[in-house]
Amino acid sequence: MVFTFEEAEYRFFFFMKALSYCIIEIIVECNKVIRKALP
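Rendered as structure tokens:
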């Protein structure tokens with residue numbers, strides 16, 4: 002599989018964007034759980 006540089010850059014950007022959304026979602030969910038756990 003051969004990618005042009007532009008395509009590789011686009012895929013990498015999209016991957017990083019998706020990853021950052023996932024991390025934000027995880028942090029938000031963890032905060033909800035922690036708040037419920039705390040008295």
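Read in the numbering used here, the sequence shown has 26 at position 25, and its numbers run on one by one without any break. Beta carbons: idealized from backbone N, C-alpha and C, even for Gly.
From R12 to P40, what does the alpha carbon distance come to, in whole angstroms? CA-CA distance, R12 to P40, rounds to 44 Å.
Just how far apart, CA to CA, sit A44 and M17?
-> This structure cannot settle anything about residue 44, because the visible part of the chain is limited to 2 through 40.
Exercise for the section: Could you please give the first and the last residue of the uninterrupted alpha helix (DSSP H) stretch that includes L20? Expected result: From DSSP, the alpha helix (DSSP H) with L20 extends over F6 to A38.
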